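J.: The structure's right below; bear with me while I get my questions together.
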Amino acid sequence: MSFTPVLAAQRFGYGLSPVQKPPASVNAMLKSLNGPDVAAQRFPLPSTEEVHAVTAEFRALRKSKRMAVEAGDPDGVDAEALRNFHKRTRPVVANWSKQRLTRRVWAEDGFRERLVDFWADHFAAPGKDYERRTNEENYVEVAIRPYVAGRFEDMLIAAALHPQMLHFLDQTLSIGPNSSFSDRRKDRVVGLNENLAREILELHTLGVGGSYTQVDVRELAELLTGVRAIRDKEMQFDANRAEPGAETILGKSYGGSRRASLEDVTDALRDLARHPDTARHLAEKMAIHFIADAPDRDLVEDMKAAYLDSQGDLAVMTEAMLKNPTAWSPERRNFKQPLVFVASALRGLGVEPQTLQEMRQGQLYRFVRRPLSTMGQPLGRPLGPDGFEEGDAHWLSPQGLGARLQWSLSVPSALTDPLPDPRAFVVDVLGEDVPPEVLFAAQAAESRREGVALVLMSPAFQRV
Numbered sequence: 005m006s007f008t009p010v011l012a013a014q015r016f017g018y019g020l021s022p023v024q025k026p027p028a029s030v031n032a033m034l035k036s037l038n039g040p041d042v043a044a045q046r047f048p049l050p051s052t053e054e055v056h057a058v059t060a061e062f063r064a065l066r067k068s069k070r071m072a073v074e075a076g077d078p079d080g081v082d083a084e085a086l087r088n089f090h091k092r093t094r095p096v097v098a099n100w101s102k103q104r105l106t107r108r109v110w111a112e113d114g115f116r117e118r119l120v121d122f123w124a125d126h127f128a129a130p131g132k133d134y135e136r137r138t139n140e141e142n143y144v145e146v147a148i149r150p151y152v153a154g155r156f157e158d159m160l161i162a163a164a165l166h167p168q169m170l171h172f173l174d175q176t177l178s179i180g181p182n183s184s185f186s187d188r189r190k191d192r193v194v195g196l197n198e199n200l201a202r203e204i205l206e207l208h209t210l211g212v213g214g215s216y217t218q219v220d221v222r223e224l225a226e227l228l229t230g231v232r233a234i235r236d237k238e239m240q241f242d243a244n245r246a247e248p249g250a251e252t253i254l255g256k257s258y259g260g261s262r263r264a265s266l267e268d269v270t271d272a273l274r275d276l277a278r279h280p281d282t283a284r285h286l287a288e289k290m291a292i293h294f295i296a297d298a299p300d301r302d303l304v305e306d307m308k309a310a311y312l313d314s315q316g317d318l319a320v321m322t323e324a325m326l327k328n329p330t331a332w333s334p335e336r337r338n339f340k341q342p343l344v345f346v347a348s349a350l351r352g353l354g355v356e357p358q359t360l361q362e363m364r365q366g367q368l369y370r371f372v373r374r375p376l377s378t379m380g381q382p383l384g385r386p387l388g389p390d391g392f393e394e395g396d397a398h399w400l401s402p403q404g405l406g407a408r409l410q411w412s413l414s415v416p417s418a419l420t421d422p423l424p425d426p427r428a429f430v431v432d433v434l435g436e437d438v439p440p441e442v443l444f445a446a447q448a449a450e451s452r453r454e455g456v457a458l459v460l461m462s463p464a465f466q467r468v
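In my numbering, the protein residues as written are 5 to 468.
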């Protein structure tokens, strides 16, 4: 079991491409991961300030509409202005999703894109309203992408304390029961919210079954009480809202000797990031995602040890995964999640960047968003903080497979004209070592449309 370029592209990237070369070696994969982010430079997303300008305009118009309703004129000029705003900005926001999709399809370093999506799902924070949905792509861009080859503690702090996460888990409502802020508002219902603390312990760090108790959840929740975000502003720490006194998490005390501060919070997060349970949880989750639902225990232990020895360096843990022989088993034990399926199909078809970027909003919905939802994986919108399911069984439902077949028969011809010859396409997406039955199906297909669909629906393409 040793490295092969084909398996590297299929298992750890977004598949083979008739244009992009697959990775030449594990060292080449690691070098690209630690090098310049070429895809982000080629297909840029707007800055945080540009995103906030959109949501600030929305808030101002919504306020004007509310005032118009209160004045007895619900269909007045302000309501029309809000409708015009949505008409003007929806295509703009859709463009951000198209840029992310184009990166997946055209990145020379497909492994980076897979890691970004993996960690974005680990720190899932889908928006609950228009403002938060508008911030989804920027959240990934600033809190996840810069850290995929860095230290996990830095990603944890960036993601867990990002306004997107704070709003998603209602941290903005959490107030220390004994804080000075709470004392001044005895007439109002204010109190502690444990959502963020629980998800940090259960999902982001130690994992289900980790060595923490409900007492640790509450203590961490109390430590987090000063953390808040107002609208699109950056995270703020308000000591007046923080629960006074020291908090004890996993036997270690934080704060208490002085006024509450953000440093107490980040110290606790760094300690959680370096905990052995976190190393085990992250190593196992990454191995399941990329290699198999039941990964080799020695592989997981190697990754865990690499993580701990490097104090949570994700590049080192990733290297341990890639350099373990079981990572290159020819047995394909993982079934592609819908997003990987769609992106790898588009990549294999060589759909041009301009074609992807010029899709109208309705086309993006018909070709990408609606199919992914039908397959069970709405684009960037998991149902909860635990992200999308990793187990293959979840993606093998009749409805999901039917949606993949329908997509394979309809979308390739809508985005690629003419469709490639199936006899060439099968080699483009599977490499030279094509299973005989798939090669026969490609050669015997009555049309290019059917031939391409047969290749895309084959186990050789669906499994990695």
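In this text, a Cβ means the ideal position worked out from N, Cα and C, and glycines have one as well.
Treat the numbers as computed from the prediction; the structure is a model and nothing was measured.
Here's the rule: buried if 16 or more other CB atoms are within 10 angstroms of the residue's CB, otherwise exposed. What is residue 214?
T.: Taking the first residue of the sequence shown as 1, we reach residue 214 at position 210. Flag for residue 214 reads buried.
J.: For residue 282, count the other beta carbons within 10 Å of its own beta carbon; 16 or more makes it buried, fewer makes it exposed. Which is it?
T.: Against the sequence shown, residue 282 aligns to sequence position 278. Answer is buried; the Cβ neighbour count reaches 16.
J.: Would you identify the three-state DSSP class for residue 311, choosing helix, strand or coil?
T.: The residue you call residue 311 lines up with position 307 of the sequence shown. In the structure shown, residue 311 sits in a helix (DSSP, three-state: H, G or I).
J.: Determine, using beta-carbon pairs with one atom in the region 338-358 and one in the region 400-420, whether at least three such pairs fall under 8 Å.
T.: Yes, the region 338-358 is in contact with the region 400-420.
J.: Can you tell me where the beta strand (DSSP E) holding residue 161 begins and where it ends?
T.: Numbered from 1 along the sequence shown, position 157 holds the residue referred to as residue 161. Unbroken run through residue 161 is the alpha helix (DSSP H), 156-164; no beta strand (DSSP E).
J.: How far does the alpha helix (DSSP H) with residue 253 in it reach, from first residue to last?
T.: Against the sequence shown, residue 253 aligns to sequence position 249. Where residue 253 is concerned, there is no enclosing alpha helix (DSSP H), although the beta strand (DSSP E) it sits in stretches over 251-253.
J.: If I measure Cβ to Cβ from residue 359 and keep anything under 7 Å in the same chain, skipping five residues before and after, which residues do I get?
T.: For the purposes of this step, residue 359 is taken as residue 355 along the sequence shown, with counting starting at 1. Here the set comprises 419.
J.: Buried or exposed: which applies to residue 307, given that a residue is buried once 16 or more other Cβ atoms fall within 10 Å of its Cβ?
T.: Stepping through the sequence shown from its first residue, residue 307 is reached at position 303. The residue in question, residue 307, is buried, as its Cβ has 16 or more Cβ neighbours within 10 Å.
J.: With residue 257 as the anchor, note down where its beta strand (DSSP E) starts and where it stops.
T.: Against the sequence shown, residue 257 aligns to sequence position 253. Run containing residue 257: 256-258, per the beta strand (DSSP E) assignment.
J.: Do residue 82 and residue 68 come within 9 Å of each other at the CB atom, strictly closer than that value?
T.: Here residue 68 refers to the residue found at position 64 when the sequence shown is read from its first residue. Here residue 82 refers to the residue found at position 78 when the sequence shown is read from its first residue. The answer is yes: Cβ separation under 9 Å.
J.: Within the same chain, show all residues whose beta-carbon is closer than 8 Å to that of residue 467, passing over the 5 residues directly before and after it, in chain order.
T.: Locating residue 467 in the sequence shown gives position 463, counting from the first residue. If we look at residue 467 and ignore the five residues flanking it on each side, its Cβ neighbours are 336, 337, 338, 339, 340.
J.: Contact check, residue 357 vs residue 110 under 8 Å by CB: the rounded distance?
T.: Within the sequence shown, the letter at position 353 stands for residue 357. Within the sequence shown, the letter at position 106 stands for residue 110. Contact flag correct, Cβ pair sits at about 5 Å.
J.: With DSSP as the reference, please indicate the residues paired to residue 231 in a beta bridge.
T.: Taking the first residue of the sequence shown as 1, we reach residue 231 at position 227. Residue 231 pairs with 241.
J.: Can you tell me which of the three DSSP states residue 17 falls into?
T.: Here residue 17 corresponds to residue number 13 of the sequence shown, with the count starting at 1. Three-state DSSP puts residue 17 in coil, outside helix and strand.
J.: Determine the extent of the alpha helix (DSSP H) in which residue 490 is found, giving its start and end residues.
T.: Residue 490 lies beyond the stretch modelled for the chain, which goes from 5 to 468, so this question has no answer here.
J.: How is residue 336 classed by DSSP in three states: helix, strand or coil?
T.: As a first step, residue 336 is located in the sequence shown; it is residue number 332 there, counting from the start. Coil at residue 336, not helix or strand.
J.: With contact counted as at least three CB pairs below 8 Å, one residue from each stretch, are the region 58-67 and the region 35-44 in contact?
T.: As far as the Cβ criterion goes, the region 58-67 does not touch the region 35-44, which means the pair count is below three.
J.: Apart from the five residues just before and just after residue 131, which ones in its own chain have a Cβ nearer than 6 Å to its Cβ?
T.: Counting from one through the sequence shown, the residue named residue 131 turns up at place 127. Taken in chain order, the residues that qualify are 137, 140.
J.: Under 8 Å: do the region 300-317 and the region 175-184 share three or more Cβ pairs, one atom per stretch?
T.: Touching, no, given that fewer than three Cβ pairs across the two stretches are closer than 8 Å.
J.: By DSSP, does residue 265 sit in helix, in strand, or in coil?
T.: In the sequence shown, counting from the first residue as 1, residue 265 sits at position 261. Three-state DSSP puts residue 265 in coil, outside helix and strand.
J.: In terms of alpha-carbon separation, which member of 64, 319, 391, 246 lies closest to residue 502?
T.: Residue 502 lies beyond the stretch modelled for the chain, which goes from 5 to 468, so this question has no answer here.
J.: What does the alpha-carbon distance come out to for the pair residue 256 and residue 160?
T.: Stepping through the sequence shown from its first residue, residue 256 is reached at position 252. Stepping through the sequence shown from its first residue, residue 160 is reached at position 156. In a straight line, the C-alpha of residue 256 is about 19 Å away from that of residue 160.
J.: Span of the alpha helix (DSSP H) holding residue 125?
T.: As a working mapping, residue 125 is identified with position 121 in the sequence shown. Per DSSP, residue 125 belongs to the alpha helix (DSSP H) from 114-126.
J.: Buried or exposed: residue 388, going by 16 or more other Cβ atoms within 10 Å of its Cβ?
T.: Along the sequence shown, one-based indexing puts residue 388 at 384. Classification of residue 388: exposed, given that the 10 Å Cβ count is below 16.
J.: When you compare only the Cα positions, how much space is there between residue 347 and residue 446?
T.: In the sequence shown, counting from the first residue as 1, residue 347 sits at position 343. In the sequence shown, counting from the first residue as 1, residue 446 sits at position 442. Going by the C-alpha atoms only, they are around 21 Å apart.
J.: What is the DSSP secondary structure of residue 213, counted as helix, strand or coil?
T.: One-based indexing of the sequence shown puts residue 213 at position 209. Three-state result, residue 213: coil.
J.: Assign residue 91 to buried or exposed, taking buried as 16 or more other Cβ atoms, counted over all protein chains shown, within 10 Å of its Cβ.
T.: Your numbering for residue 91 matches position 87 in the sequence shown. It is exposed - the Cβ of residue 91 has fewer than 16 other Cβ atoms within 10 Å.
J.: Should residue 168 go down as buried or exposed, given a rule of 16 or more other Cβ atoms within 10 Å for buried?
T.: As a working note, residue 168 is residue 164 in the sequence shown. Flag for residue 168 reads buried.
J.: What does DSSP give as the partner residue(s) for residue 178 in the beta ladder?
T.: As a first step, residue 178 must be located in the sequence shown, where it is residue number 174. Its beta-bridge partners are 195.
J.: Consult DSSP for residue 467 and reduce its assignment to one of helix, strand or coil.
T.: Your numbering for residue 467 matches position 463 in the sequence shown. If DSSP states are grouped into helix, strand and coil, residue 467 belongs with the strands.
J.: In whole angstroms, give me the CA-to-CA distance for residue 381 and residue 458.
T.: Residue numbering aside, residue 381 sits at position 377 when the sequence shown is read from its first letter. Residue numbering aside, residue 458 sits at position 454 when the sequence shown is read from its first letter. Spanning the two alpha carbons is a distance of roughly 22 Å.
J.: Would residue 216 and residue 165 qualify as a contact pair, given that the criterion is a beta-carbon distance under 9 Å?
T.: Here residue 216 is taken as the residue at index 212 of the sequence shown, counted from 1. Here residue 165 is taken as the residue at index 161 of the sequence shown, counted from 1. Result no, Cβ atoms of residue 216 and residue 165 do not sit closer than 9 Å.
J.: Within the continuous alpha helix (DSSP H) that includes residue 31, where are the two ends?
T.: Your numbering for residue 31 matches position 27 in the sequence shown. Residues 30-38.
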